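A.B. asks:
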Amino acid sequence: MKSIMVATDFSERSDRALRRATLLARSTGASLSLVHVIDDDQPRRIIDNDRAAAETLLQEAAATLSAVDGLQAGTRILLADPFEGIAIATREARPDLLVMGPHRRHLLKDIFIGTTAERVIRSAACPVLMVNAAPVAPYRHILLTTDLSDIALDALKDHARLGLCDNAALSALHIFPAPALRLSMGYSLAAEGRANYLEEESRAAAQKLAGHLAKAGLAHARQILRPEETTAGNDILRTAAEIGSDLIVVSTHGRTGMAKLLLGSATEHVLRAAPVDVLAIPPAPAAA
-14 MKSIMVATDF SERSDRALRR ATLLARSTGA SLSLVHVIDD DQPRRIIDND RAAAETLLQE
46 AAATLSAVDG LQAGTRILLA DPFEGIAIAT REARPDLLVM GPHRRHLLKD IFIGTTAERV
106 IRSAACPVLM VNAAPVAPYR HILLTTDLSD IALDALKDHA RLGLCDNAAL SALHIFPAPA
166 LRLSMGYSLA AEGRANYLEE ESRAAAQKLA GHLAKAGLAH ARQILRPEET TAGNDILRTA
226 AEIGSDLIVV STHGRTGMAK LLLGSATEHV LRAAPVDVLA IPPAPAAA
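Numbering (the numbering used here), first residue to last: -14 to 273.
1) Quick check on the DSSP output: the beta strand (DSSP E) that includes P212 runs from which residue to which?
2) Ignore the nearest five residues each way along the sequence and tell me which others in Q(-1)'s own chain have a CB closer than 6 Å to its CB.
3) Just the C-alpha distance for A118 and F161, rounded to the nearest angstrom, thanks.
4) Measure the beta-carbon distance from M(-10) to L147 and round it to whole angstroms, keeping in mind my assumption that it falls under 8 Å.
5) Which residues mark the beginning and the end of the alpha helix (DSSP H) in which D262 is found?
6) Hey, V105 and I136 are a contact pair by Cβ (cut 8 Å); roughly how many whole angstroms apart?
7) Report, in whole angstroms, the separation of the C-beta atoms of S230 and I73, which I expect to be a contact under 8 Å.
8) Would a C-beta distance cut-off of 7 Å place A114 and L82 closer than the cut-off?
9) Hey, quick one: how far does the alpha helix (DSSP H) through L138 stretch, first residue to last?
10) With DSSP collapsed to three states, give me the class of V255.
11) Taking the beta carbon of E253 as the centre, do at least 16 other beta carbons fall within 10 Å, making it buried, or is it exposed?
12) Using a threshold of 7 Å, state whether the C-beta atoms of L256 and A201 are closer than that.
13) Give the single residue among A6, S12 and D24 whose Cα lies nearest to the Cα of A46.
14) Drop a sphere of 10 angstroms on the beta-carbon of V121, count the other beta-carbons inside from all chains shown, and report buried for 16 or more, exposed for fewer.
15) Run through DSSP, which three-state label would A244 get?
16) Using DSSP with H/G/I as helix, E/B as strand and the rest coil, what is L203?
17) Given this structure, state the Cα-to-Cα distance separating H21 from C111, to the nearest angstrom.
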């Protein structure tokens, strides 16, 4: 990882993101850039005042990074809709990672147009790390998630290239379908028949997951297999809590496809509900 961009609105949430980005930059040697977007749908005098204040705050943040952490950071201000401005910045600068704080929760707005974080992730040109927890140390236990699709495989490879897991425990979760348990015959299965069915499905899924991880260069990751019991998003969060994971890695296009605007329902749920950090990795852009 050579470059990290931090999107900041100077809130406590953004301070959290900057601190995590600082830890990552120190451990990987990546450069830092700080980006602030001013909403351009305002009177000119307000925009000018906001720009002057933002310039001062960005320069103060850069000076602190230099004096305290020994890191040099570039700064940039854009005039645009907040989520569009961040997306533009990633497309132009092409950082290896965008780091941002958790979104403010506005129930009705989130339902109809999605959170700012989700909208950025849909259009960003790089992986996006949403920092939910207060950063105190490097990541200790990373939970990778995969549905065994090609897009999920590419996401695992991209994660490995970022170098976030060099000193962290690594687990890989695959939630496998168990359709018989959802059909009417699932209610008529005896306990022994149910256990045998799950064992067979789990064994087959384990073989597929092992091959999948080997292709990603992550054969050393601990495998975790779960039958789909509620929703994939809930199962991911439950697993992360059980193993004490402090980072969840998801791909931003599951099998639900365009119906979820390239996020996927599981990713959407994890982004909105996770108490720990989430790394969302988009699919590679289609070849021209």
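Cβ atoms here follow ideal geometry from the backbone N, Cα and C, with glycine treated the same way. Since the structure is predicted, the reported quantities are computational estimates derived from the model, not experimental observations.
C.D. replies: Once the coordinates are examined:
1) Stepping through the sequence shown from its first residue, residue 212 is reached at position 227. Looking at the DSSP string, the run of the beta strand (DSSP E) that includes P212 is R207 to P212.
2) Position 14 of the sequence shown, counting from 1, holds the residue named residue -1. Sequence check: residue -1 is Ser here, not Gln. Result list for S(-1): T(-7) and G86, in chain order.
3) Position 133 of the sequence shown, counting from 1, holds the residue named residue 118. Position 176 of the sequence shown, counting from 1, holds the residue named residue 161. Taking the straight line joining both Cα atoms gives about 29 Å.
4) Taking the first residue of the sequence shown as 1, we reach residue -10 at position 5. Taking the first residue of the sequence shown as 1, we reach residue 147 at position 162. That pair is no contact at about 13 Å.
5) Taking the first residue of the sequence shown as 1, we reach residue 262 at position 277. No alpha helix (DSSP H) contains D262, which is instead part of the beta strand (DSSP E) from D262 to I266.
6) Numbered from its first residue, the sequence shown carries residue 105 at position 120. Numbered from its first residue, the sequence shown carries residue 136 at position 151. Between I136 and V105 the Cβ distance is about 19 Å, and since that is not below 8 Å, they are no contact.
7) Here residue 230 is taken as the residue at index 245 of the sequence shown, counted from 1. Here residue 73 is taken as the residue at index 88 of the sequence shown, counted from 1. Not quite, the Cβ-Cβ distance comes to about 32 Å (not below 8 Å), so this is no contact.
8) Stepping through the sequence shown from its first residue, residue 114 is reached at position 129. Stepping through the sequence shown from its first residue, residue 82 is reached at position 97. Looking at the sequence itself, residue 114 is Leu, so the reference to Ala does not match. Cβ distance < 7 Å, so L114 and L82 count as in contact.
9) On the sequence shown, position 153 is the one that residue 138 refers to. That run of the alpha helix (DSSP H) goes D135 to L147.
10) Along the sequence shown, read from residue 1 onward, the residue named residue 255 stands at position 270. Of the three classes helix, strand and coil, the one that applies to V255 here is helix, per DSSP.
11) Counting from 1 along the sequence shown, the entry for residue 253 is found at position 268. Per the 10 Å Cβ criterion, buried.
12) Locating residue 256 in the sequence shown gives position 271, where the first residue counts as 1. Locating residue 201 in the sequence shown gives position 216, where the first residue counts as 1. Taking 7 Å as the Cβ cut-off, L256 and A201 do not qualify as a contacting pair.
13) Within the sequence shown, residue 46 is the residue found at index 61, counting from 1. It is A6 whose Cα lies nearest to the Cα of A46.
14) For the purposes of this step, residue 121 is taken as the residue at position 136 of the sequence shown. Per the 10 Å Cβ criterion, exposed.
15) Position 259 of the sequence shown holds residue 244. For A244, the pLDDT reaches just 37, beneath the cut-off of 50, and the residue's location in the model is therefore unreliable, leaving the point undetermined.
16) Within the sequence shown, numbered from 1, the residue matching residue 203 stands at position 218. Of the three classes helix, strand and coil, the one that applies to L203 here is coil, per DSSP.
17) Here residue 21 refers to the residue found at position 36 when the sequence shown is read from its first residue. Here residue 111 refers to the residue found at position 126 when the sequence shown is read from its first residue. Near 17 Å, if we compare the C-alpha coordinates of C111 and H21.
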